[in-house]
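**Q** Numbering-wise, numbering that gives the first Met the number 0 puts 78 at position 79 of the sequence shown, and it's gapless, one number per residue.
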Amino acid sequence: MLFAFGLAIFLVYLVMASQFESLVHPFVIMFSIPLALVGAVLALKLTGTPISVVVFIGLIMLAGIVVKNAIVLIDRVNQLREEGHTKREAIILAAESRLRPITMTTLATLLGFLPLAIGLGEGSEVRSPMAITVIGGLAVSTLLTLVVIPVVYELVDRKADAYYVERRARKDNRAEGDADAPAHDLAESHS
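(1) Could you check if residue 90 is buried or exposed, using at least 16 other CB atoms within 10 Å of its CB as the buried criterion?
(2) Quick check: the Cα distance between residue 15 and residue 23, rounded to an integer number of angstroms?
(3) Among 53, 27, 12 and 32, whose alpha-carbon lies nearest the alpha-carbon of residue 139?
(4) Would you tell me roughly how many angstroms separate the C-alpha atoms of residue 8 and residue 62, rounded to the nearest one?
(5) Ordered along the chain, which non-local residues of its own chain (more than five positions away) have a Cβ less than 6 angstroms from that of residue 2?
(6) The alpha helix (DSSP H) with residue 96 in it runs from where to where?
(7) Relative to the alpha-carbon of residue 104, which residue among 85, 129 and 142 has its alpha-carbon at the smallest distance?
(8) State the Cα-Cα distance for the pair residue 111 and residue 134, rounded to the nearest angstrom.
(9) If contacts are defined as beta-carbon pairs under 8 angstroms, then residue 40 and residue 137 qualify, I think. What distance do you get, rounded to the angstrom?
(10) If we ignore side chains and look at the alpha-carbon of each, how far apart do residue 96 and residue 81 end up?
(11) In three-state terms, what does DSSP make of residue 183?
(12) Tell me which residues share the same chain as residue 237 and place their Cβ nearer than 7 angstroms to its Cβ, disregarding the 5 neighbours each side in the sequence.
Now the structure itself:
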């Protein structure tokens, strides 16, 4: 099960590295997973739930869920930097603008898992450890993600602000080039 958990984390990292076109940003995002593990372990200890296969399934689910919150935050920071904001401004603005969406989706997920954690319904005693794992990990990691991930980003991301502005200009030029290409091809075919 540890191998499956490690493989899941590695695959998530690879997907993010290709999406962000960076090895650093996925690394920053992956910092949310240890934060979630702290919460999951605390929840399991507080409820007296033993570690089982179902708990590991919950940990794999948890890794995917908590990474989403960090992705939303880091993606917004990068967008703001491409718009010309300094790194510090972008981090503050992103944290402010993403606080509500992250909090709302987290609360919806927590409330969705609550009946399962309480043990309502048939077979819930088997699935309850998974829900406890997800609830504990998600609650703690959401609070810590909003504080720790921006700090880690500030420390780890060494790219100059000019890089992001230049990157945005390249994207805009490509978009303009793609928009002009069909019209140009059409004009040549009628000549």
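Every residue gets a Cβ at the ideal spot worked out from N, C-alpha and C, and that includes glycine.
**A** Taking the coordinates as given:
(1) buried
(2) 10 angstroms
(3) 32
(4) 7 angstroms
(5) none
(6) 86 to 117
(7) 142
(8) 10 angstroms
(9) That belief does not hold up - the Cβ atoms of residue 40 and residue 137 are roughly 13 angstroms apart, past 8 angstroms.
(10) 16 angstroms
(11) No answer about residue 183 holds up, because its pLDDT of 47 lies below 50 and its placement is not dependable.
(12) A question about residue 237 goes unanswered here, because the residues of the chain that appear run from 0 up to 190.
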